[in-house]
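In the working numbering, the protein residues as written are 43 to 342.
Just so it is clear, CB atoms sit at the ideal spot from N, CA and C, and this is done for glycine as well.
All figures in this text were calculated on a predicted structure; none of them were measured in a lab.
Everything below concerns the one structure shown next.
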């Protein structure tokens with residue numbers, strides 16, 4: 043049941059916040075995938091979205107501003123058996139954290155990134171984020187935004203992500219399906235979630251989303267042959283520059299090896315003995331602290 047993934051921490055987002063829909067979709071996806079919570083890790087950044095790690099009963103890390111992706115990358119490389127998901131806002135992941143966002147795609151580390159895209163920095167009173175459209179003026183801006191927006195899907199495609207999808211926070215069932223597929227995908231994945239912010243973004247309202255999005259029905263996102271990727275990328279560019287914002291799975295590339303597979307190619311012992319499985323000793327001596335006593339209260 044989804045409730046089994048709920049922690050004892052009460053979500054304190056604003057009423058109507060899109061984060062509630064994202065949290066519900068995530069817990070439903072985890073429940074239906076029947077994942078072992080001991081092998082699942084959620085890493086989050088700063089901002090309203092960053093709180094989500096506290097609301098899920100699983101291994102969680104609430105990290106520094108813009109650094110959720112390198113935290114998750116290190117965890118995955120150290121223990122490739124773990125299932126990793128990153129949750130962060132558009133400002134957190136595509137502002138200060140953009141360099142890490144691109145690096146994850148280039149490496150194709152098996153981590154799923156979920157971008158909570160509301161177009162503003164909600165926790166710091168609604169400043170324009172990297173995804174807010176040029177010319178838009180939300181309630182806390184003194185004048186319309188004068189910078190061009192970042193398209194997370196196109197940026198992810200050019201960086202090398204092998205799974206690209208976009209959902210809507212208020213459509214929990216659809217978003218749940220995207221999360222399940224993304225978590226099962228081998229390689230770097232990104233799901234952009236269009237998320238209303240009723241407190242600070244009075245432009246991208248539910249009505250705006252309804253009028254400016256379309257659900258993909260006949261689109262084929264699969265790439266199963268290496269030679270087909272270039273053509274699919276051209277089709278995605280045309281799709282993204284259409285009249286409406288597409289919702290659904292946009293790319294699922296099954297041809298590229300993961301970073302873990304590349305490491306194994308260089309060191310055949312990596313898959314059998316990754317860093318997390320190696321003994322923590324110094325010159326044959328055990329550690330001077332009792333790890334179980336120190337960290338036992340964090341076990342789930």
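{"Item": "Residue 159 - containing beta strand (DSSP E), residue span", "Value": "153-159"}
{"Item": "Range covered by the alpha helix (DSSP H) that runs through residue 68", "Value": "61-75"}
{"Item": "Whole-Å CB distance - residue 205 paired with residue 293, under 8 Å assumed", "Value": "7 Å"}
{"Item": "For residue 208 and residue 236, believed in contact at Cβ under 8 Å, the rounded distance", "Value": "7 Å"}
{"Item": "Sequence ranges, beta strand (DSSP E) only - wholly within the stretch 195-266, length at least 3", "Value": "205-210, 231-236 and 255-257"}
{"Item": "Integer-rounded CB distance, given that residue 156 should sit under 8 Å from residue 138", "Value": "17 Å between Cβ atoms; not a contact."}
{"Item": "Sufficient close CB pairs (3 or more, under 8 Å) joining the stretch 133-148 to the stretch 105-115", "Value": "yes"}
{"Item": "Three-state secondary structure (DSSP) of residue 311", "Value": "coil"}
{"Item": "Residues sharing a beta bridge with residue 83, DSSP", "Value": "101 and 126"}
{"Item": "Spatial distance of residue 66 from residue 281 (CA atoms)", "Value": "29 Å"}
{"Item": "C-beta atoms of residue 240 and residue 246 nearer than 8 Å", "Value": "no"}
{"Item": "Own chain, CB closer than 6 Å to residue 301, minus 5 neighbours either side, in chain order", "Value": "149, 150 and 151"}
{"Item": "Distance between residue 318 and residue 311 (C-alpha atoms, nearest Å)", "Value": "13 Å"}
{"Item": "Paired residues, beta bridge with residue 131 - DSSP", "Value": "158"}
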